[in-house]
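Numbering of the sequence shown is given in my numbering, commencing with residue 243 and proceeding in unit increments. C-beta: ideal position from N, C-alpha, C; glycine also.
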Amino acid sequence: MEKIKGGCLCGKVSFEVKNSFDKLYLCSCKQCRQITGSAFASNLFVTVDGFDWLNG
Ligand SMILES: [Zn+2]
């Protein structure tokens, strides 16, 4: 089983995703541009069963 870990830059929040991603969606709506500070956000969609919070 493939596992991918991620989190914020300060390290207080981290998560782990098991299995593969369902979808990848590049969005350029106003909210995604403000959150990322760039022209678009890369959003990955996973199932609830495959997602675990590790910290935070
Ligand atoms: Zn968006």
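Query raised in the report: What number of angstroms, rounded off, separates the C-alpha of residue 299 from the C-alpha of residue 266?
Result: This structure does not reach residue 299, given that the chain is present from 243 up to 298, and the question cannot be answered.
Query - Where the alpha helix (DSSP H) through residue 272 begins and ends - result: Within the sequence shown, the letter at position 30 stands for residue 272. Counting along the chain, residue 272 sits inside the alpha helix (DSSP H) bounded by residues 272 to 278.
Query raised in the report: Which of the three DSSP states, helix, strand or coil, is assigned to residue 294?
Result: Within the sequence shown, the letter at position 52 stands for residue 294. It is a strand residue.
**Report entry** Inter-residue Cα distance where the pair is residue 248 and residue 284
**Finding:** The residue given as residue 248 occupies position 6 in the sequence shown. The residue given as residue 284 occupies position 42 in the sequence shown. Taken atom to atom, the span from the alpha-carbon of residue 248 to that of residue 284 is near 14 Å.
Query raised in the report: What are the partner residues of residue 269, as DSSP defines its beta bridges?
Result: Here residue 269 refers to the residue found at position 27 when the sequence shown is read from its first residue. In DSSP, residue 269 forms a bridge with 283.
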